[in-house]
Amino acid sequence: AQTVTQSQPEMSVQEAETVTLSCTYDTSESDYYLFWYKQPPSRQMILVIRQEAYKQQNATENRFSVNFQKAAKSFSLKISDSQLGDAAMYFCAIYSGGSNYKLTFGKGTLLTVNP
Amino acid sequence: NAGVTQTPKFQVLKTGQSMTLQCAQDMNHEYMSWYRQDPGMGLRLIHYSVGAGITDQGEVPNGYNVSRSTTEDFPLRLLSAAPSQTSVYFCASSPTLSGTPFRGYTFGSGTRLTVV
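Protein sequences appear in the order of chains A and B.
Here the first sequence is numbered in this note's numbering, starting from 409 and rising by one per residue.
Here the second sequence is numbered in this note's numbering, starting from 55 and rising by one per residue.
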């Protein structure tokens, strides 16, 4: 079984500043994938960043980066130079194998960006 | 545009009515799935399919049926709608793993369903 916990239901950040969203997970597998998805008010689910567990290097995508701590089972998302368009619900998710290709999602963190 | 297309975007049903949510993808993905999103619950897997003719249950399958007659289409049927099925429904697709890394799902734009 795999679980994902997002302990911050809501976060806020000032425009142009940096914010970190927390995610912890649990899995008994040694090989797995971690994801952050963004859901803006349009409702569309957008892949922000992806991390393969066997890679020690933290993934980055422009202003988005992760801090992947495998031993601690932690996968936080850092958003630098926050923009108004970053305001959204953010979901952390894990895939750790299995024939159902199931992604298990956290409950989400609602990010507000203040001008 | 290539991707996952869901229809309708919004729907209101009366308790006991049935309906089908449509999902189609044009990326030749073997894997397709349905999730429901409820406030404070994240996304939960309803049903999934790893290819035409193959379907299986997820974690919240009760009250829903699926079929997969073609690679492209994966409709979700609500047999007798209940207020507890008020939710946002997402269809998602992915290539199945064949020696390649898993890159996550492509999601449809969602259907907001209200059962009164």
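For glycine and all other residues, C-beta sits at the position ideal for the given N, C-alpha and C.
The shortest C-alpha to C-alpha distance from residue 459 (chain A) to any of B:168, B:167 and B:156 is the one to B:156.
The beta carbon of residue 97 (chain B) lies closer than 6 Å to those of 89 and 91 in the same chain, with the five residues before and after it left out. The DSSP assignment places 58-61, 64-67, 73-79 and 85-92 as complete runs of the beta strand (DSSP E) inside the stretch 55-92 of chain B, in order along the chain (cut-off: 3 residues). In its chain, beyond the 5 residues on either side, 74, 75, 76, 77, 120 and 121 have a beta carbon closer than 8 Å to the beta carbon of residue 129 (chain B). Scanning its chain for C-beta atoms nearer than 7 Å, with the 5 sequence neighbours on each side dropped, one finds around residue 484 (chain A) the residues 428, 429, 430, 431, 474 and 475, in chain order. For residue 494 (chain A), the secondary structure class from DSSP, reduced to helix, strand or coil, is helix.
With fewer than 16 other CB atoms across the displayed protein chains lying within 10 angstroms of its CB, residue 61 (chain B) is exposed. Interface criterion met: the Cβ of residue 508 (chain A) is under 7 Å from a Cβ in chain B. Residue pairing by DSSP puts residue 120 (chain B) in a beta bridge opposite B:130. Within the DSSP secondary-structure output, residue 500 (chain A) pairs in a beta bridge with A:444. Remark: C-beta atoms of residue 84 (chain B) and residue 105 (chain B) approach each other more closely than 7 Å.
Against chain B, the CB of residue 440 (chain A) has no partner CB under 7 Å away; the residue lies outside that interface. Collapsing the DSSP output to three states places residue 452 (chain A) in coil. Residue 518 (chain A) has a beta carbon lying at 7 Å or more from every beta carbon in chain B.
Contact check for residue 514 (chain A) against residue 412 (chain A) passes: the beta carbons are separated by less than 7 Å.
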